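>
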Amino acid sequence: MHHISKSAIVPYSPQQMFALVNAINDYPQFLNWCSGASILNQSERQITASVEINKGGFKQKFITKNTLRAFDLIEMELLDGPFKTLSGQWRFEALGDNAAKVALELQFSFKSRLMDIALSSIFTQIANSQLDAFIMRAKQVYD
């Protein structure tokens, strides 16, 4: 299993960063690897969403169930896709009035050893660039 752990201090509130991460329909506008995203089902505390990855010849769609704790935590759990396992969480911690620590933790493995060898480096690149992409999006939206 592969593990990704990234965090950053940002000059935005947890509410602002939570809103960006939770705006799944907007992902294709600023995540260069995302060719499609849609919300399949939504309630106050849960979203089921489909995200399509298109990077380096890797084109796959996966579906996650995201459990929300407003402005604090988004937990992701795989429902369908090329992964054997995919889970993770976004954490948003207030640091004063207009700053936050944003952390992303992901764990994943693919359904077969061959897929893991072929695709794990591409998905690792995607996962490692995700936090930076959301920080850049925050600058576009909030500055």
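In the numbering used here, the protein residues as written are 1166 to 1308.
Backbone N, C-alpha and C define an ideal beta-carbon position, used for all residues, glycine too.
It should be emphasised that the depicted structure is a prediction, and the values quoted were computed from it without experimental measurement.
Between proline 1247 and lysine 1266, is the Cβ-Cβ spacing less than 8 Å?
In this structure, lysine 1266 does not lie closer than 8 Å to proline 1247 by Cβ.
> With a cut-off of 8 Å on the beta carbons, I'd call alanine 1268 and arginine 1256 a contact; round off their distance for me.
Rounded, the Cβ-Cβ distance is 4 Å, consistent with contact.
> Over the uninterrupted alpha helix (DSSP H) stretch that includes asparagine 1231, give me the two end residues.
Segment 1223 to 1234 is the beta strand (DSSP E) holding asparagine 1231; no alpha helix (DSSP H) there.
> Between histidine 1167 and isoleucine 1282, what straight-line distance do the alpha-carbon atoms span, to the nearest angstrom?
One C-alpha to the other measures close to 12 Å.
> Note down, in chain order, each residue of its chain lying with its Cβ closer than 8 Å to the Cβ of alanine 1214, except the 5 sequence neighbours on either side.
Here the set comprises Ile1189, Ala1202, Ser1203, Ile1204, Leu1205, Ile1228, Thr1229, Asn1231.
> Could you pull the DSSP bridge partners for glutamate 1217 from this structure?
Bridge partners of glutamate 1217: Gly1201, Lys1226.
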